[in-house]
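I have placed the structure first, in the form of structure tokens, so that the comments after it can refer back to it.
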Ligand code: GDP
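In our numbering, the protein residues as written are 1235 to 1590.
Here you go:
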């Protein structure tokens, strides 16, 4: 063997060793971070949240390491149209939770503005007073693209809060009646916050928003029309009862004046108690874990499939035709999926890939 052949091989081996060493040190750094977070270090929690949000390749290891520390927190989803007073209400509910000595986590999800690329509502000024409280951790997150609903990294962030020891976690999302199911799959209870002006449109309210509510809050009850909306909602809920074990309450509040907020809190506590008594909480958690597993597989396969389509010149022809409007997406999908050689080629590549 000539020296010219051996040298590059040594370089390759050295490079691989360097990568392995770097991976190893990253791994031990991450383990240290998790250890610190579990011991109560807020900065470590914040850094881990960032890793989850950026979909770092080490996320599966993080989730595995914290798994046995999760499943204890009670997750409260708060949703409704923008400007309804969700942040103000959550601010008051945080105060009540803190009076009871509970540790609180808040995940405020803002829709991304297509113009600024950032979160529309930005930092939650309405919760500002709680930023200085050691027992409260608030994190804002942008939905990136989808309007409303939960970003797919949200459940990882909620798990980190849970493992950190947060007992109550508020997840605030802008609900516009489109992607409400995500919050139901993640939260143990969902509050839908409406305003009196919604009274005129309540009959046509998107089914999604109506069906996910475990508690309805008619906020800004200092304005005219609140009683009318409460009565309308009660009538609708009476006609279409959600569950036999839970009568969905409708509460009028003035979050800004702290009126009715304690009543909302009592309903949340009562709901928790009932869920535990009838074993529904365990069932929900099982459903949530199952949904999360299937969702994770779907996301990973989807990401690979999209990559292959974009890399395969045969398939990009279909993509372009669909984009130009020359072929409808359903016929294109049918043709792609029925072209055996393409599918076989695809599956071969999928089999070769290593999923993170
Ligand atoms: P969000 O977008 O749903 O989170 O709404 P915010 O909590 O940011 O509140 C939007 C605006 O409504 C703010 O100016 C609040 O001060 C105001 N607001 C909140 N609750 C009430 C209320 O009960 N009555 C009135 N009149 N205004 C309120």
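All residues carry an ideal CB built from backbone N, CA and C; glycine is no exception.
Model, not experiment: these values are computed from the prediction.
Between residue i and residue j, what straight-line distance do the alpha-carbon atoms span, to the nearest angstrom?
i            : j            : result
residue 1404 : residue 1396 : 11 Å
residue 1572 : residue 1531 : 23 Å
residue 1372 : residue 1343 : 11 Å
residue 1380 : residue 1483 : Caution is warranted here: a pLDDT of 47 is assigned to residue 1380, below 50, making its placement in the model unreliable, and no coordinate value can be reported.
residue 1490 : residue 1406 : 17 Å
residue 1561 : residue 1546 : 18 Å
residue 1427 : residue 1280 : 29 Å
residue 1478 : residue 1472 : 11 Å
residue 1548 : residue 1563 : 16 Å
residue 1577 : residue 1566 : 14 Å
residue 1587 : residue 1538 : 9 Å
residue 1540 : residue 1521 : 28 Å
residue 1272 : residue 1510 : 26 Å
residue 1284 : residue 1368 : 20 Å
residue 1335 : residue 1579 : 58 Å
residue 1352 : residue 1503 : Its pLDDT being 42, under 50, residue 1352 is placed unreliably by the model, and nothing is read from it.
residue 1292 : residue 1324 : 32 Å
residue 1584 : residue 1288 : 24 Å
residue 1286 : residue 1481 : 37 Å
residue 1497 : residue 1436 : 23 Å
residue 1341 : residue 1322 : 14 Å
residue 1543 : residue 1400 : 42 Å
residue 1575 : residue 1556 : 21 Å
residue 1533 : residue 1297 : 17 Å
residue 1506 : residue 1305 : 14 Å
Consider the C-beta atom of residue i and the heavy atoms of the ligand GDP; say whether any pair is separated by less than 8 Å.
i            : result
residue 1496 : no
residue 1316 : yes
residue 1456 : yes
residue 1266 : no
residue 1376 : no
residue 1431 : no
residue 1427 : yes
residue 1513 : no
residue 1369 : no
residue 1507 : no
residue 1384 : no
residue 1363 : no
residue 1459 : no
residue 1287 : no
residue 1491 : yes
Mind checking who residue i pairs with in its DSSP beta bridge?
i            : result
residue 1587 : Paired residues: none, contrary to the question.
residue 1376 : 1344
residue 1404 : 1310, 1340
residue 1286 : Residue 1286 pairs with nothing; no bridge assigned.
residue 1598 : Any question about residue 1598 goes unanswered here, given that the chain covers just 1235 to 1590.
residue 1424 : 1311
residue 1488 : 1493
residue 1450 : 1426, 1484
residue 1498 : Answer is none; residue 1498 lacks a bridge partner.
One question on the structure: do residue i and residue j come within less than 9 Å of each other, judged by their Cβ atoms?
i            : j            : result
residue 1451 : residue 1314 : yes
residue 1443 : residue 1409 : yes
residue 1550 : residue 1326 : no
residue 1526 : residue 1552 : no
residue 1453 : residue 1500 : no
residue 1529 : residue 1386 : yes
residue 1456 : residue 1476 : no
residue 1430 : residue 1460 : yes
residue 1330 : residue 1299 : no
residue 1337 : residue 1370 : yes
residue 1266 : residue 1277 : no
Are the C-beta of residue i and some C-beta of chain D separated by less than 9 Å?
i            : result
residue 1532 : The structure shown contains no chain D; it holds only a single protein chain.
message: Between the segment 1417 to 1429 and the segment 1511 to 1526, can you find at least three pairs of beta-carbon atoms closer than 8 Å?
response: yes
- request: Count the CB pairs spanning the segment 1297 to 1310 and the segment 1386 to 1395 that are closer than 8 Å, and state whether there are at least three.
  value: yes
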